[in-house]
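Asker: Next up is a structure, given as structure tokens.
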Amino acid sequence: MTKPTDSKTSSSSQPAPQGKRFDETFKLDAVQLRERSGRPRAQVARDLGVSQVTLAAWETRYGAGGTGAGTRSAATSPGAGPAGTVAALAEVARLRAELEHMTLQRDILKKAMAIVSQEQRGALK
């Protein structure tokens, strides 16, 4: 599965940010995960880091009833068949959640260090 690209790069010559872009493989795998897992759309969308509306649009395009030109069978899916794809998507979702948690912890520690260093500078004066 290919990593999504983030178009929120700051540059004065670039257009306004439009959010994340996901490749077709990711979209197809997300729809397959939702269909095979039986989990609610909200939960799958949250785990994958996309909105429910986005996932619903992908389901319309790539789902069992979808007519998207990019639909594919389980035989052409990457990984070890359907179970491999679901397992890989579950791992991606777990890693995204862990990354979000670690990023939050890092930000909290940065703020704490700034406060402590300000207090130390004030005590030295």
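No gaps in the numbering here: position 60 of the sequence shown is 59 in numbering that gives the first Met the number 0, and each next residue is one more. All residues carry an ideal CB built from backbone N, CA and C; glycine is no exception.
#1: Run through the DSSP bridge pairs and tell me what residue 109 is partnered with.
#2: Tell me the DSSP secondary structure of residue 93 in three-state form.
#3: One question on the structure: do residue 88 and residue 22 come within less than 7 angstroms of each other, judged by their Cβ atoms?
#4: Relative to the alpha-carbon of residue 25, which residue among 42, 41, 38 and 47 has its alpha-carbon at the smallest distance?
#5: Helix, strand or coil: which one does DSSP assign to residue 120?
#6: So, are the CB atoms of residue 33 and residue 49 less than 7 angstroms apart?
#7: Distance, Cα to Cα, residue 99 vs residue 106?
#8: Ignore the nearest five residues each way along the sequence and tell me which others in residue 57's own chain have a CB closer than 7 angstroms to its CB.
Answerer: Based on what the coordinates show:
#1: Position 110 of the sequence shown, counted from the start, is the residue given in the question as residue 109. In the DSSP output, where bridge partners are listed per residue, residue 109 has none listed.
#2: Locating residue 93 in the sequence shown gives position 94, where the first residue counts as 1. Correct three-state label for residue 93: helix.
#3: Within the sequence shown, residue 88 is the residue found at index 89, counting from 1. Within the sequence shown, residue 22 is the residue found at index 23, counting from 1. Going by C-beta atoms, residue 88 is not nearer than 7 angstroms to residue 22.
#4: Counted from its first residue, the sequence shown places residue 25 at position 26. Measuring from the Cα of residue 25, the nearest candidate turns out to be 47.
#5: The residue given as residue 120 occupies position 121 in the sequence shown. Helix, per DSSP.
#6: Walking along the sequence shown from the start, residue 33 turns up at place 34. Walking along the sequence shown from the start, residue 49 turns up at place 50. No.
#7: In the sequence shown, the residue the question calls residue 99 occupies position 100. In the sequence shown, the residue the question calls residue 106 occupies position 107. Looking at the two C-alpha atoms, the distance is approximately 11 angstroms.
#8: Counting from one through the sequence shown, the residue named residue 57 turns up at place 58. Here the set comprises 26, 29 and 30.
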